[in-house]
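Once you know that position 117 of the sequence shown is 197 in my numbering, the rest is easy, because the numbers rise by one and skip nothing.
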Amino acid sequence: MQIKNLDAINDTQLAQLMSIWLSSNLAGHDFIQPEYWRHQRDNVARQMRESDVTAVVDDDGEILGFAVTLGNTLLGIYTRTNAQKQGVGSMLLFALKAKKPHLKLSVFQKNEDAVLFFERHGFKTTKTYNESAVGESRCDMRL
81 MQIKNLDAIN DTQLAQLMSI WLSSNLAGHD FIQPEYWRHQ RDNVARQMRE
131 SDVTAVVDDD GEILGFAVTL GNTLLGIYTR TNAQKQGVGS MLLFALKAKK
181 PHLKLSVFQK NEDAVLFFER HGFKTTKTYN ESAVGESRCD MRL
């Protein structure tokens, strides 16, 4: 496995990224209606082309997971279901923290695995608030 910055995302890569993004969100957010994520697809695809995307790829060049950042904001870390709990997310976070030591992010409070993951990596909750679009609480976190 290696870290790779995806500078110019091609259509094949975007299809892989969007597949991972959707399956990761559906698996990690069972408390949110699946239609919410499907409705976000076009906006997210556009945002990926405008943001920094860092990926973990296997020896065949397949994307196992990726992180999306905009400035010092981590918009998300997403991993293939079969690559979770194998260090992919940690690899991404270590690479990002080396380049951007003042990262901040927002995560749904009910996504306890994600909250714990980020806490293990040094993030602290700075604010909790309700996101009206889905009626769920979010935590703002930062290093």
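For each residue, glycine too, the CB sits at the ideal point set by N, CA and C. Just so it is clear, the structure is predicted and the values come from calculations on it, not from any experiment.
Roughly how many angstroms separate the alpha carbons of Leu176 and Glu115, rounded to a whole number? 30 Å
When DSSP labels each residue in this structure, what does Val214 get in the three-state scheme? coil
Helix, strand or coil: how does DSSP classify Gly167 here? Three-state DSSP puts Gly167 in coil, outside helix and strand.
With distances taken between CB atoms, is the gap from Gly169 to Gly141 smaller than 8 Å? no
Alpha carbon to alpha carbon, how far is Phe188 from Leu173? 18 Å
Just to confirm my understanding: we take Val214, look at its own chain, exclude 5 residues before and 5 after, and list those with CB closer than 7 Å. What are they? Ile112, Tyr116
Using 8 Å for Cβ pairs, my map puts Leu183 next to Asn152. What's the rounded Cβ distance? 6 Å
Are Leu150 and Leu185 close, meaning C-beta to C-beta below 8 Å? no
When you compare only the Cα positions, how much space is there between Ser104 and Tyr158? C-alpha of Ser104 to C-alpha of Tyr158: approximately 6 Å in a straight line.
Comparing alpha-carbon positions, which option in Asp220, Asn210, Arg118 lies nearest Val195? Asp220
In whole angstroms, give me the CA-to-CA distance for Met98 and Arg121. 7 Å
Which two residues bound the contiguous alpha helix (DSSP H) that contains Gly151? It is not in any alpha helix (DSSP H) - Gly151 carries neither H nor E in the DSSP assignment.
To which residues of the same chain is Leu102 closer than 8 Å at the C-beta, ignoring the five residues directly before and after it? Trp117, Arg118, Arg121
How is the beta strand (DSSP E) around Asn85 delimited, first residue to last? 82-86
Counting along the chain, where does the beta strand (DSSP E) carrying Ser186 start and finish? 184-188
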